Amino acid sequence: MLTIPKTLFKGEKKKGDQIKRIAVLTSGGDAPGMNAAIRAVVRMTIAQGCESMGVQRGYAGLLDGMIHPMSASSVANIIQRGGTILKTSRCEEFMHKAGRKKAYEALRIQSVDALVVIGGDGSFRGARALYEEHGVPVIGVPGTIDRDIAGTDATIGFDTAVNTGVELIDKIRDTASSHDRTFLVEVMGRHSGMIALHTGVCGGAESIVVPEIKTTVKAICEGIDRGVRRGKTSSIIVVAEGCQFGGAAALEKELKKAGYAAKMVILGHTQRGGTPTASDRFLASTLGAVAVEALLSGVREGMIGVKGSEVNLTSFKKLNGKPVGIPPELMSIAKKLAV
Ligand code: F6P
154 MLTIPKTLFK GEKKKGDQIK RIAVLTSGGD APGMNAAIRA VVRMTIAQGC
204 ESMGVQRGYA GLLDGMIHPM SASSVANIIQ RGGTILKTSR CEEFMHKAGR
254 KKAYEALRIQ SVDALVVIGG DGSFRGARAL YEEHGVPVIG VPGTIDRDIA
304 GTDATIGFDT AVNTGVELID KIRDTASSHD RTFLVEVMGR HSGMIALHTG
354 VCGGAESIVV PEIKTTVKAI CEGIDRGVRR GKTSSIIVVA EGCQFGGAAA
404 LEKELKKAGY AAKMVILGHT QRGGTPTASD RFLASTLGAV AVEALLSGVR
454 EGMIGVKGSE VNLTSFKKLN GKPVGIPPEL MSIAKKLAV
């Protein structure tokens, strides 16, 4: 259950009435639920008597002035759709001062007073710079399947990505047990093992290999042998793409050298697409709406996220890009359950 503390924007100077026109963009890798967040931003903006604008193709589109009006009906029938109707990009030019100046000019030309950025850590670094260099009020909404942003326990898209991973592991498990095979299933997550941990636990994986906790090929092989001694004829090893071995392909070679045959499946971008779960839709709807409320309450920068079950606000300054980390106690539970 998500709650919004009454004190969330207490203490903010009420400068919100200067904001009349709010633009929204999606940035970085797409994540299921981004459309629900866009819908929430647009509809809350209009509900508060302001004008809503949409920026196409993230920061890249912003630099090119691809900003257009959004109406309540322009976001109809998208809450259930994966991807992002605004499209997204990773923009090198925006990482430089000159690029951000261009973006600022584009916002000024369209009389945009404030921006909501739906994206990940990298996108928020750009958002912070835009605020600090040009005074543009910017609120971030965490949208990434990786769940790797400090300051929030939840990111839009993570739940869907995990559910997709689990569904696919269930299918792979059928073949693994029918053929007595070991499968290496590589999941996304960049430098984070969050997707791997959750997918592995929920898919009943025999081993989970994450970047945050080092292991050895020997330990992985011992895990397979332990299963065999217990009567298992198949194993599923979930491998985070950012792990020490550099993904499932490299680990497969290592296992082969050690005399263990394994099939490999890379889930890759299948985890980024598809219909968002109810949980992601709810999260996106709440955070998108609160982002607009934050701007209108006088907040000028920061990310709207979740800590525990409460919606929270974290200044961009506190998002240091450091890995969020995997709770070791959860990894230890995962190991014990996978005997
Ligand atoms: O950040 C989301 C993510 O899907 C990561 O898990 C992955 O490493 C990366 O993006 C892939 O990015 P791209 O689709 O641009 O190759």
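Mind the numbering: the sequence shown is residues 154 to 492 in the numbering used here, read in order.
For every residue, glycine included, the Cβ atom is placed at its ideal position computed from N, Cα and C.
Computed from a prediction, not measured in an experiment: that's the story for all the values here.
In the displayed model, F336 falls within a strand according to three-state DSSP.
Under the 8 Å Cβ criterion, the region 352-360 counts as touching the region 380-399, having at least three qualifying pairs. Per DSSP, S180 has no beta-bridge partner at all.
At least one heavy atom of the ligand F6P is found less than 7 Å from the C-beta of D299.
Distance from the CA of T297 to the CA of G380, rounded to the nearest whole angstrom, comes to 35 Å. Two segments are said to touch when three or more pairs of C-beta atoms, one from each, lie closer than 8 Å; by this definition the region 222-240 touches the region 177-192. Taking the CA atoms as reference points, P295 sits about 19 Å from N316. It is roughly 20 Å from the alpha-carbon of R382 to the alpha-carbon of T369. Not one heavy atom of the ligand F6P lies closer than 7 Å to the C-beta of H249. Distances between the C-beta of R343 and the heavy atoms of the ligand F6P include at least one below 7 Å.
For R174, the pairing in a beta bridge is given by DSSP as E204. Excluding sequence positions up to five before and after V443, its CB lies within less than 7 Å of the CB of I157, I457, V464, all in the same chain and listed in chain order.
Pairing E165 with G451 gives a Cβ-Cβ distance under 8 Å. The beta carbon of A411 sits closer than 6 Å to those of V370, C374, all from its chain and outside the five residues before and after it, given in chain order. Excluding the 5 residues flanking it on each side, T352 has same chain C-beta neighbours closer than 7 Å at V315, G318, V319, I322, V340, V391, in chain order. Put simply, of E446, E245, D312, K173 the residue whose alpha carbon is nearest the alpha carbon of M187 is D312.
Excluding the 5 residues flanking it on each side, G304 has same chain C-beta neighbours closer than 7 Å at M456, G458, T467, K471, L472, in chain order.
Within the region 247-302, complete beta strand (DSSP E) segments of at least 3 residues are found at 267-272, 291-295, given in chain order. In this structure, D266 sits away from R196, with a CB-CB distance that is not shorter than 8 Å. The beta-carbon distance between D299 and M347, rounded to whole angstroms, is 7 Å. This is short enough to meet the 8 Å contact definition. Burial check for T439: the Cβ neighbour count within 10 Å reaches 16 or more, so the residue is buried. Residue G182 holds the alpha-carbon nearest to the alpha-carbon of R343 among G182, K163, P481. E394 has its Cβ nearer than 7 Å to a heavy atom of the ligand F6P. Between I479 and L350, the C-beta spacing is below 8 Å. Residue pairing of A393 in beta bridges, as defined by DSSP: V340. Closer than 7 Å to some heavy atom of the ligand F6P: that does not describe the Cβ of R278. At least 8 Å separates the beta-carbon of V208 from that of I271.
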